Each structure stands twice: as C-alpha cells, then as structure tokens.
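**Q** Letter by letter, the sequence shown follows residues 80 to 260 in the working numbering.
Got a structure for you, questions after.
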Amino acid sequence: RYCARNPVALERLTYDRTAKAVTYRSDKSDGPTAGTETVDPLEFLARVLVHIPDKGHVTTRYYGWYANRPRGMRCKAEPSAAAVPPAIVPAPRLAPSEATRRWATLLQQIFEVDPLACPACHGAMRIVAFITQPSVIDQILSHLRARAATAAHAAARSPPSTRGPSGPGATRGPAAAHRTH
Numbered sequence: 080r081y082c083a084r085n086p087v088a089l090e091r092l093t094y095d096r097t098a099k100a101v102t103y104r105s106d107k108s109d110g111p112t113a114g115t116e117t118v119d120p121l122e123f124l125a126r127v128l129v130h131i132p133d134k135g136h137v138t139t140r141y142y143g144w145y146a147n148r149p150r151g152m153r154c155k156a157e158p159s160a161a162a163v164p165p166a167i168v169p170a171p172r173l174a175p176s177e178a179t180r181r182w183a184t185l186l187q188q189i190f191e192v193d194p195l196a197c198p199a200c201h202g203a204m205r206i207v208a209f210i211t212q213p214s215v216i217d218q219i220l221s222h223l224r225a226r227a228a229t230a231a232h233a234a235a236r237s238p239p240s241t242r243g244p245s246g247p248g249a250t251r252g253p254a255a256a257h258r259t260h
C-alpha cells in the first residue's frame, strides 16, 4: 500500500515565510488525520526525519529464491567461473517448429505488414542469417548510414522535360514530340 505512492504529497504541503510555519492539508475527510495541520518548520523536519531509516537498517527483506541463504547455497553449489573455463557447445540444428515458422504470419497479423516482403519489388525474401554480435551490427549500420549519406548528396540534375539534347537530331522540350516534319 505504501509503495504505490509517496507518503507525503508536495501538492498538499505549503510553507508560509511570514508566519514561518508549514501547513499540511490532508486528503482525508474524517478521522484523526483529517483537515489541516500547521507546525513549526523544525517540528515538521523532526516528523519527517522519523521516517528516514538509520544507516544499515534493512528496509527490504528478501524471502525464498532471493534470500541470502539460498543465494549463498547456489553460489557454493555452482563451480566458480574462474576455476572452470566456459565450454563452447555448438547449437544443434533443429527442425523449425510450428511456432518459429509462424513468426512472420504472427507479425503480419499484428502490424499488418509482411516482414518477408521486399519493400522495393514486393517479392518474397528469405532469412539469410541472424546477426547478434554488436560489433557486426555496428559495422552494417555505419555502412548503411554512409551509403544513405552519399545517395542524399548525389549531384542534382534537371527534370527530364528540360534536359538538353541527348543525341544527334534530338530536340528540346515537350513540344518537340509534336514536330515530326
């Protein structure tokens, strides 16, 4: 209950400099804490400091799996990482299950976009590799950014209708198509 919100709302707390008093307006309509309470600033600080735990006081208790004793027992049962080098075991090639084959269908149902359709020609694409190494991902993204930057800064050209003649006997402009004599 107390973790969901702060115990003191700053919106209901006011400080009057002229009277040198702190006023707290309660959100309750009845009971011992209903209404407003005005106290001296030092009294207010004394009341707030009561709620701050002492140094070393345990405020969070863990039980079960996260408690210190079971965590210590698990650490003792497992060999230390420094003593035993990690074994490199290649992942077995498994036949794709129905769930892994349907991931594209599920994405298409959710986002209404086929993830295996080419954005340029709308042809079918296939997965070539899964890249998980951050260094390889960074290299690919930096290459794509450099490629996009050079494409964005390509030499500007005029539209096709105002371009100069491209060959012998070529005419200029859209009206040239009507001159056939």
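Just so you know, even glycine gets a beta-carbon here, dropped at the ideal spot from N, CA and C.
Treat the numbers as computed from the prediction; the structure is a model and nothing was measured.
1) Output the boundary residues of the beta strand (DSSP E) element that contains R104.
2) Evaluate V87 with the Cβ neighbour count: other Cβ atoms within 10 Å of its Cβ, from every protein chain shown; 16 or more gives buried, anything less gives exposed.
3) Let me know if V207 comes out buried or exposed under the rule of 16 or more other beta-carbons within 10 Å of its beta-carbon.
4) So what does A95 bridge to, in DSSP terms?
5) Between which two residues does the beta strand (DSSP E) containing T138 stretch?
6) Quick check: the segment 98 to 105 against the segment 114 to 121, are there 3 or more CB pairs under 8 Å?
7) When you compare only the Cα positions, how much space is there between H136 and N85?
8) Any idea which residues DSSP pairs A196 with across the strands?
9) Between N147 and Y141, what straight-line distance do the alpha-carbon atoms span, to the nearest angstrom?
10) Rounding to the nearest angstrom, what Cα-Cα distance links A156 and G143 in this structure?
11) Compute the Euclidean distance between the alpha carbons of M204 and Q188, then round it to the nearest angstrom.
12) Evaluate F123 with the Cβ neighbour count: other Cβ atoms within 10 Å of its Cβ, from every protein chain shown; 16 or more gives buried, anything less gives exposed.
13) Please go through the same chain and pick out, in chain order, the residues whose beta-carbon is closer than 7 Å to the beta-carbon of P238, but skip the five residues on each side of it.
14) Return the Cβ separation of P132 and T138 in integer angstroms, given the expectation that the two are a contact with Cβ distance under 8 Å.
15) Would Y94 and P120 be called neighbours here (beta carbons separated by less than 9 Å)?
**A** Quick answer:
1) 100 to 104
2) exposed
3) exposed
4) This sequence places Asp at residue 95; Ala is not what is there. Per DSSP, A100.
5) Counting along the chain, T138 falls outside any beta strand (DSSP E), and DSSP gives it neither H nor E.
6) yes
7) 20 Å
8) A203
9) 8 Å
10) 17 Å
11) 18 Å
12) buried
13) none
14) 5 Å
15) yes
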